[in-house]
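Below is one structure, written out as structure tokens, with a few remarks after it.
Residue numbers (the working numbering): 54 to 403.
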């Protein structure tokens, strides 16, 4: 079983991500003079409440979730400051604000992580082992790897992803060499007992404002693409629902990370390494939540966005009762999915 610290960290991480998402809706709603009836942190009965202006701010007993309840959000209202009374473009801004905040949070976490991690690995080759197969079949010192098997390479994590998902150790690559783009066919790596051996090293990059910003953007793009790849693999059946992880699975992952950063003999934790890993995980999760919320599915921000786009095209809204029913069905489906994933995570623990 995982430690209480792992559980508390996971709960706190999720709550911060969700609250920042909902805060995005809140600040843009207020900027557009939409009445917010309640801004809540957590779910269930309130343990603290305070009203400021038209808004009730509440801290609720279950430390998971939260919401920004706007007047006229899910139906009609006679209030001139209701969500439904605002122009379509203003409502679109409010709906996507939560996702934007997720992406901003992810960028900030990655920026902190990059800026405090020391020199990072580039995608430029600086060393080959003696007799390196990849060197013999096309790669040269100084090559900057641009693509592997057609996939654009932003970071060494992208390289690892492509290498890890290969079976025969043979790749088509695109590299930048002496300022020119070169296409290399059938670059080979040695494969021993189904394990591919990477026979080169890459150049480290010193930190400055430019390199930190560049690497942060590249890492964010890499994380976002990996999420889309995972979604595609689930849709195409490469992975099943059993391969998904929810909060329980993430708690278990955090426990694994803590274990990996703990010295078996002394029990001491490498806090620096642990913090950097947690920043990376947290950034990936908040970007994941942002992208997931943008999917055009009922009950998600993306689903609401679809209805607003339809309204903008038709110049009249979909009947509130019809939209409400679609979102209700979508919410039930999402809750069912969460239940299935949670049960699957619990089974994996034993």
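Positions of the beta carbon are idealized from the N, C-alpha and C atoms, including for glycine. These numbers were taken from a predicted model, which means no experiment stands behind them.
Item	Value
For the beta strand (DSSP E) that contains residue 381, what are its first and last residues?	Run containing residue 381: none in the beta strand (DSSP E); it sits in the alpha helix (DSSP H), 373-401.
Tell me the DSSP secondary structure of residue 350 in three-state form.	coil
Just checking my contact of residue 68 with residue 120 at CB under 8 Å: how many whole Å lie between their CB atoms?	Incorrect: roughly 13 Å between the Cβ atoms, too far for contact.
Pull up the distance between the alpha-carbon of residue 216 and that of residue 185, whole angstroms please.	16 Å
Which one of 329, 204, 194 has the shortest CA to CA distance from residue 255?	194
What does a CB cutoff of less than 7 Å around residue 151 pick up in its chain, not counting 5 residues either side in sequence?	74, 75, 77, 78, 346, 354
How would you label residue 381, buried or exposed, when you count the other beta carbons within 10 angstroms and need 16 or more for buried?	exposed
Taking C-beta to C-beta, are residue 110 and residue 125 nearer than 8 Å?	no
Please state the DSSP three-state secondary structure of residue 233.	strand
By a C-beta neighbour count over all protein chains shown, 10 Å radius and 16 as the cutoff for buried, is residue 376 buried or exposed?	buried
Verify whether the separation of the beta carbon atoms of residue 162 and residue 332 is less than 8 Å.	yes
Would you tell me roughly how many angstroms separate the C-alpha atoms of residue 181 and residue 143, rounded to the nearest one?	56 Å
Any chance you could list the alpha helix (DSSP H) runs of at least 4 consecutive residues sitting entirely within the segment 169-198, in chain order?	186-189
Would you say residue 177 reaches chain C, if we count a Cβ-Cβ gap shorter than 8 Å as a contact?	Protein chain content of the structure displayed is limited to a single chain, and chain C is not contained in it.
Can you tell which of 192, 214, 155 has the C-alpha that lies nearest to the C-alpha of residue 239?	192
Please classify residue 62: does DSSP put it in a helix, a strand, or coil?	helix
Tell me the rounded alpha-carbon separation between residue 344 and residue 276.	11 Å
So the beta strand (DSSP E) residue 404 belongs to, where does it begin and stop?	Nothing about residue 404 can be read from this structure; the chain reaches only from 54 to 403.
Give a yes or no on contact between the segment 221-230 and the segment 198-205, applying the rule of three or more CB pairs nearer than 8 Å.	yes
Do you know offhand how far residue 373's Cα is from residue 302's?	37 Å
How many whole angstroms separate the CB atoms of residue 128 and residue 96, which I take to be in contact at a CB cut-off of 8 Å?	About 21 Å; that fails the 8 Å criterion.
Does the segment 333-340 come within contact of the segment 358-365, defined as at least 3 CB pairs closer than 8 Å?	no
Alpha carbon to alpha carbon, what distance is there between residue 98 and residue 115?	8 Å
Looking only at its chain, what residues have a beta carbon closer than 8 Å to the beta carbon of residue 358, apart from the 5 residues adjacent to it on each side?	145, 148, 149, 347, 349
Considering only residues of the same chain and omitting the five flanking positions on each side of residue 394, which have a CB-CB separation below 6 Å?	297, 299
Taking residue 139 as the reference, which of 207, 154, 63, 87 has the closest Cα?	87
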